[in-house]
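As numbered in full-length UniProt numbering, residues 1 to 257 make up the sequence shown, in order.
Ideal placement from N, C-alpha and C gives every residue a C-beta, glycine not left out.
To start, the structure under review is shown below, and the notes come after it.
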Amino acid sequence: MSEWFAALIGLLLLQTPQSIRGLEPRIIGGYAADITNLPYIVSIQLYGSHYCGGSIVNRRTILTAAHCLGGGITHNLLSVKVGGVKRAKDGHIYSVAAIHSHEKFSSKTMDYDLAIVRLAKNLTYSHKVRAIPLSRKEVPAGTFATISGWGYTSQKASPSDRLRYARVPIINQTECRNVMGKNLITDRMICAGYTEGGVDACQMDSGGPLAVREKLHGIVSWGVGCAQANKPGVYTRIPVLLPWLEKQMKKLYGEVI
């Protein structure tokens, strides 16, 4: 992922040369989670270790960030862990049959940062494993969203051993562009976070859910550092990319999502 880090840092330096400390693939300021309250979140594992987050959208399909699947990663290197709170223990492991990234995804701009992970067999639903409905409508700025994952609990820490969650407000698109850079925030992105910082997704939370009113509204995509003031997290915007997702699911698997 170093290529998109470097590219985005270059773009940001053109706009705010004094303020950029580096980009992170993006829970800080959060709380220990109960998987029964977040049964849709999964750990996408590379060579058997947690790598990115994802969200269950039906019994065979996980949504994640396209940047999680770059760098020559193939489906046979991945597995998906569901129904567990521990990063390295509990839960159930499923093999991956295929991965499909948005064809317009750009590692330079992080636009269209969405991908489908197809499981080799159906999930067994329970109180710990359940799909999350997709958000089909935009929500007003100020609406609170839930982020969750096994990522870093501070910018210089290490991955959390336990699933964590936090609540962050959705930020007005104009305000987001003003603070992050007008040329960086596209219509496929949405920002969430606090002006003062302190709460955010961080490394190894990438691909995880931004849930609003029990629906998947966004996917952890990118940010400048973690939990910094005036540097909100940037998420892939699900309502805008829903037509692509519906088309792909029907084309690839004959399913309506």
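Check: Complete beta strand (DSSP E) runs within the stretch 71-136 (minimum length 3 residues, chain order); Outcome: 78-82, 92-101 and 115-119
Check: From T36, G53 and H75, residue whose alpha carbon lies closest to that of P159; Outcome: G53
Check: Separation of I219 from residue 266, as counted between CA atoms; Outcome: Shown here, the chain extends from 1 to 257; a query on residue 266 therefore has no answer.
Check: V96 vs V82 beta-carbon contact at 8 Å; Outcome: no
Check: Touch test, the stretch 129-137 against the stretch 33-41, Cβ-Cβ under 8 Å, three pairs minimum; Outcome: yes
Check: Cβ pair L123, I185 closer than 8 Å; Outcome: no
Check: Among V234, A145, G91 and N183, nearest to H127 - alpha-carbon criterion; Outcome: G91
Check: Inter-stretch contact at 8 Å, needing at least 3 Cβ pairs: the stretch 135-144 / the stretch 167-176; Outcome: yes
Check: Buried or exposed (CB count within 10 angstroms, at least 16 for buried), T109; Outcome: buried
Check: Contact set for A229: own chain, Cβ-Cβ below 6 Å, skip 5 residues either direction; Outcome: E196 and G197
Check: Assumed close pair F105, Y94 - CB separation to whole angstroms, cut-off 8 Å; Outcome: Going by Cβ atoms, the distance from F105 to Y94 rounds to 24 Å, so no, they are not a contact pair.
Check: Buried or exposed (CB count within 10 angstroms, at least 16 for buried), P232; Outcome: buried
Check: Simplified DSSP state of V168, which is helix, strand or coil; Outcome: strand
Check: Buried or exposed by the 16-neighbour rule on C-beta atoms within 10 Å, applied to S101; Outcome: buried
Check: Rounded C-alpha distance that separates T16 from K215; Outcome: In this prediction, T16 scores a pLDDT of 30, lower than 50, which makes its location untrustworthy; no coordinate-derived value is stated.
Check: Three-way DSSP call (helix, strand, coil) for Q45 in this model; Outcome: strand
Check: Cβ-based neighbour list, I190, same chain, cut-off 6 Å, excluding 5 preceding and 5 following; Outcome: G218, Y235 and R237
Check: Local Cβ density within 10 Å of R188, reported as buried at 16 or more and exposed below that; Outcome: buried
Check: Straight-line gap, R136 to L242 (C-alpha atoms, nearest Å); Outcome: 7 Å
Check: Proximity winner among E103, L245, W150 and N183, relative to Q203 (alpha-carbon distances); Outcome: W150
Check: M204, DSSP secondary structure in three states; Outcome: coil
Check: Nearest-angstrom Cα separation, counted from E255 out to K121; Outcome: 15 Å
Check: For C191, the residue or residues it bridges with in DSSP; Outcome: I171 and V234
Check: Close-in-space but distant-in-sequence residues of the same chain around S148 (CB under 7 Å, 5 per side omitted); Outcome: I27, A33, L38, I41, L163, R164, Y165, G208 and P209
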